[in-house]
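In this note's numbering, the protein residues as written are 4 to 120.
Positions of the beta carbon are idealized from the N, C-alpha and C atoms, including for glycine.
Down below is the structure, laid out as structure tokens.
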Amino acid sequence: MLAWFLVVIVFALIVVLLAHPFFRKQESYGLVFTSVPERSRRNLRDEKGSLILALKELDFDFETGKLSKDDYKKLRDSYEARAVEVIKQLEALDQEWNHIQKQINHEVEQSKGLRKP
4 MLAWFLVVIV
14 FALIVVLLAH
24 PFFRKQESYG
34 LVFTSVPERS
44 RRNLRDEKGS
54 LILALKELDF
64 DFETGKLSKD
74 DYKKLRDSYE
84 ARAVEVIKQL
94 EALDQEWNHI
104 QKQINHEVEQ
114 SKGLRKP
């Protein structure tokens with residue numbers, strides 16, 4: 004009896020693990036795959052949002068007396084420094100993306116010019 008129970012549990016776990024990719028929410032924006040830079044951008048945007056939320060919560064905790072002034076300053080400085088890093092990384096990715104877009108547009112225009120009689 005216990006053996007059948009274990010077999011059923013193992014089988015159920017296998018089914019769940021195999022079916023999971025088909026049911027999870029995907030943000031592919033119509034693309035078959037997501038490029039590494041796009042995943043990096045998404046991760047950085049998520050981190051930026053988390054940092055902004057953490058800063059708001061930190062301010063609230065300080066205002067309600069849950070944090071000392073020293074702890075508040077240390078944490079706030081740390082969060083702000085990381086937020087600046089994240090924003091710089093996002094800006095660098097945006098510049099890289101704009102450069103790639105310009106290259107693509109230039110190559111498309113060149114190929115159009117080559118096709119015209």
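With contacts defined by Cβ atoms closer than 8 Å, L54 and R79 do not form a contacting pair. Contact between L47 and V18 is absent: CB atoms are separated by about 35 Å, not below the 8 Å threshold.
Around the beta carbon of L20, fewer than 16 other beta carbons sit within 10 angstroms, so the residue counts as exposed. A direct Cα-Cα distance of roughly 45 Å separates K77 from I107. By alpha-carbon distance to E83, the top candidate from K115, L61 and F8 is L61.
Inter-residue distance for S43 and E110 is about 26 Å (C-alpha atoms, whole angstroms). Scanning its chain for C-beta atoms nearer than 7 Å, with the 5 sequence neighbours on each side dropped, one finds no residue around E112.
A straight line joining the alpha-carbon of W7 with that of R85 spans about 52 Å.
Apart from the 5 residues on each side of it in sequence, V11 has no Cβ closer than 8 Å to any other Cβ in its chain.
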